[in-house]
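Report on one structure; see the data block that follows.
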Amino acid sequence: MERDDRLTALRWVSERHRAVLVQQVEVRGSSPRESGARMVVDEHTCIGTIGGGHLELKAIEIAREMLRSGEMHAHVQQFALGPSLGQCCGGSVALRWSVLDPAAVDGWPEPQPLFHLQLHGAGHVGRAIARLLATLDVRVDWIDERESEFPGSLGERDWPSHITRRSSPVPEDEVRDAPSGGCYLVLTHSHDLDLRICEAVLRRDDFAYLGLIGSRSKRERFIHRLEAKGLSPQSLAWMTCPIGIDGIIGKQPEVVAVSVVAQLMRDAIRSRPLAAAAQPG
């Protein structure tokens with residue numbers, strides 16, 4: 001995750017750790033990574049990636065030769081992504097090598113979250129989704145009525161700072177404080193609570209995505225009850241249920257999580273606000 005890579009680079013600079021910053025400064029045609037992709041290389045390890053493959057191996061080799069020789073002058077080299085590198089992307093890239101120093105990190109922008117998500121529910125599927133989101137540059141408020149349901153750690157390490165776990169006696173009230181353009185996943189232990197959270201989200205006119213776990217019959221029941229509360233068919237059309245992309249078979253929490261996170265990555269960043277019809281008439 002780029003946020004973690006940048007934090008490691010900052011720590012290395014503060015510790016005066018000798019390392020080389022490799023940055024992809026130009027892309028023409030197809031390439032595995034975009035312009036601006038970075039990696040940091042020291043004598044034994046590297047953080048980040050410029051796309052893998054023979055290009056990355058070559059970049060690491062050049063960086064380590066700089067460290068061995070002490071020749072730490074910045075330089076740029078062009079590479080065609082063709083047979084000489086065992087790649088067939090067809091494009092070309094320019095890479096820049098430079099010493100990792102405070103100026104290099106200052107020029108490394110802090111990654112912006114792809115989206116802000118309220119994840120309601122800390123059951124099996126909620127936990128599996130949170131584990132996947134822990135590896136992505138997103139902002140997650142993970143909410144449940146039950147403090148005891150949140151896992152204390154992520155395997156052998158703590159939960160990253162971009163995932164905030166919060167117990168709330170009235171989870172639907174948390175919706176009011178969420179930023180505009182946000183996303184919501186609703187998968188609590190209670191259908192009544194699911195309904196209250198969905199209603200709170202649908203009464204906003206500024207969200208990007210609302211996903212509700214459940215079957216098509218659950219969706220139909222919710223639509224009937226929400227229409228009775230004054231919500232229009234136009235606003236209810238923005239509620240995604242069932243959630244997850246088509247074609248992935250399996251109901252294990254981890255399988256469901258992969259499908260749901262893929263849908264989030266595809267749909268959430270589109271951030272299309274609801275029409276004013278989202279408000280009750």
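Using UniProt numbering, the first residue of the sequence shown is number 1, and each one after it goes up by one. Here a beta-carbon is modelled for each residue, glycine too, at the ideal position from N, C-alpha and C. None of the values given here were measured: they were computed from a predicted structure.
Quiz item: What residue ranges within the segment 26-55 form continuous beta strand (DSSP E) runs of no fewer than 3 residues, ordered along the chain?
Solution: 38-41, 46-48
Quiz item: How do the segment 118-131 and the segment 93-107 stand: do at least 3 beta-carbon pairs fall below 8 Å, yes or no?
Solution: no
Quiz item: Between Gly-244 and Val-260, which are expected to be in contact by the criterion C-beta below 8 Å, what is the C-beta distance as a whole number of angstroms?
Solution: For the purposes of this step, residue 244 is taken as residue 244 along the sequence shown, with counting starting at 1. For the purposes of this step, residue 260 is taken as residue 260 along the sequence shown, with counting starting at 1. Gly-244 to Val-260, Cβ: 5 Å. Contact.
Quiz item: In angstroms, rounded to a whole number, what distance separates the CA positions of Asp-173 and Ala-208?
Solution: If you number the sequence shown from 1, residue 173 lands on position 173. If you number the sequence shown from 1, residue 208 lands on position 208. Their Cα atoms are separated by approximately 18 Å.
Quiz item: Quick one: what's Gly-126 bridged to in DSSP?
Solution: For this step, residue 126 is matched to residue 126 along the sequence shown. None; Gly-126 has no bridge partner.
Quiz prompt | For Met-239, three-class secondary structure by DSSP | solution = Position 239 of the sequence shown, counted from the first residue, corresponds to residue 239. Here Met-239 sits in strand by DSSP.
Quiz prompt | Test item: CB-CB of Val-25 and Ser-35 under 9 Å | solution = Reading the sequence shown from its first residue, position 25 is the one you call residue 25. Reading the sequence shown from its first residue, position 35 is the one you call residue 35. Yes, Cβ-Cβ distance for Val-25 and Ser-35 is below 9 Å.
Quiz item: Name the DSSP beta bridge partners of Cys-198, please?
Solution: In the sequence shown, the residue the question calls residue 198 occupies position 198. Note: Cys-198 sits in no beta bridge, so no partner.
Quiz item: Among residues of its own chain, excluding the 5 on either side of Ala-9, which ones have a beta-carbon nearer than 6 Å to its beta-carbon?
Solution: Residue numbering aside, residue 9 sits at position 9 when the sequence shown is read from its first letter. Closer than 6 Å at the Cβ level, and outside the excluded window around Ala-9, lie Val-40, Val-105.
Quiz prompt | Reference Ser-232; option with closest CA among Asp-177, Val-125, Glu-199, Ser-92 | solution = The residue labelled residue 232 in the question sits at position 232 within the sequence shown. Among Asp-177, Val-125, Glu-199, Ser-92, the Cα nearest to that of Ser-232 is on Glu-199.
Practice problem: Compare the beta carbon distance of Ser-167 and Arg-196 with 9 Å and say whether it is the shorter of the two. | Solution: Along the sequence shown, read from residue 1 onward, the residue named residue 167 stands at position 167. Along the sequence shown, read from residue 1 onward, the residue named residue 196 stands at position 196. Not in contact: Ser-167 and Arg-196 (Cβ atoms no closer than 9 Å).
Practice problem: Count the other C-beta atoms from every protein chain shown that fall within 10 angstroms of the C-beta of Pro-179, then say buried if there are 16 or more, exposed otherwise. | Solution: As a working mapping, residue 179 is identified with position 179 in the sequence shown. The residue in question, Pro-179, is exposed, as its Cβ has fewer than 16 Cβ neighbours within 10 Å.
Quiz item: Whole beta strand (DSSP E) runs in the UniProt domain "XdhC Rossmann" (117-264) with 3 or more residues, listed along the chain?
Solution: 139-144, 163-167, 183-186, 209-212, all fully within the UniProt domain "XdhC Rossmann" (117-264).
Self-check item: Same chain, Cβ closer than 6 Å to His-116, five either side skipped, listed in chain order
Solution: Taking the sequence shown and counting its residues from 1, the one referred to as residue 116 is at position 116. Excluding sequence neighbours, His-116 sits near Arg-139, Pro-179, Gly-182.
Practice problem: Counting only the same chain and skipping the five closest in sequence on each side, list residues whose C-beta sits under 6 Å from that of Gln-23. | Solution: Your numbering for residue 23 matches position 23 in the sequence shown. Hits under 6 Å: Arg-38, Arg-96.
Quiz item: What is the residue span of the alpha helix (DSSP H) that Ser-98 lies within?
Solution: Along the sequence shown, read from residue 1 onward, the residue named residue 98 stands at position 98. Counting along the chain, Ser-98 falls outside any alpha helix (DSSP H), though it belongs to the beta strand (DSSP E) covering 92-99.
Self-check item: Outcome for Ser-177 when other beta-carbon atoms lying within 10 angstroms are tallied against a minimum of 16
Solution: Within the sequence shown, residue 177 is the residue found at index 177, counting from 1. Looking at the sequence itself, residue 177 is Asp, so the reference to Ser does not match. The residue is exposed, with fewer than 16 neighbouring Cβ atoms inside 10 Å.
Quiz item: Which residue from Glu-43, Trp-12, Arg-266, Ile-50 puts its Cα closest to that of Ser-69?
Solution: Against the sequence shown, residue 69 aligns to sequence position 69. Checking every option, the nearest Cα to that of Ser-69 belongs to Glu-43.
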